[in-house]
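Some notes on the structure that comes next.
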Amino acid sequence: MTYARADAAYDITTLPGLPAWVASARGETLEYVAFVSGAALNHLHLVLRREAVSQSLLRNRLALRAAAACVGLKGRPERAGALRNAVHLLRSGDLPGPAG
Numbered sequence: 001m002t003y004a005r006a007d008a009a010y011d012i013t014t015l016p017g018l019p020a021w022v023a024s025a026r027g028e029t030l031e032y033v034a035f036v037s038g039a040a041l042n043h044l045h046l047v048l049r050r051e052a053v054s055q056s057l058l059r060n061r062l063a064l065r066a067a068a069a070c071v072g073l074k075g076r077p078e079r080a081g082a083l084r085n086a087v088h089l090l091r092s093g094d095l096p097g098p099a100g
């Protein structure tokens with residue numbers, strides 16, 4: 001007997017949201033925290049596997065957030081918008097300056 005793959009789990013319109021117990025629960029034991037973390041990562045995996053999610057856009061957004069966090073840790077005043085503009089609005093031959 002062969003079983004057909006259940007495509008309903010991968011359909012973005014039927015993909016359920018993150019369960020409330022995952023986001024609002026307080027971890028009391030290490031095992032419970034690990035379980036809830038695994039549930040959240042599984043849901044993230046299902047969402048990110050969709051073809052509708054632009055992988056290059058996702059990578060760019062994550063890189064911008066990481067750059068903004070690093071700049072903030074160094075005490076510099078640039079925010080994510082300024083960093084994005086410093087990189088993407090350069091003309092060829094321009095120097096990016098401190099924000100780039």
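Just so we're aligned: the sequence shown equals residues 1 to 100 in UniProt numbering.
Every residue gets a Cβ at the ideal spot worked out from N, C-alpha and C, and that includes glycine.
Check, Outcome
"Contact check, residue 64 vs residue 83, beta carbons under 8 Å", "yes"
"Limits of the alpha helix (DSSP H) - the one that residue 41 falls within", "30-48"
"Exposed unless 16 or more other CB atoms sit within 10 angstroms - verdict on residue 28", "exposed"
"CB-CB length for residue 79 against residue 68, believed under 8 Å", "6 Å"
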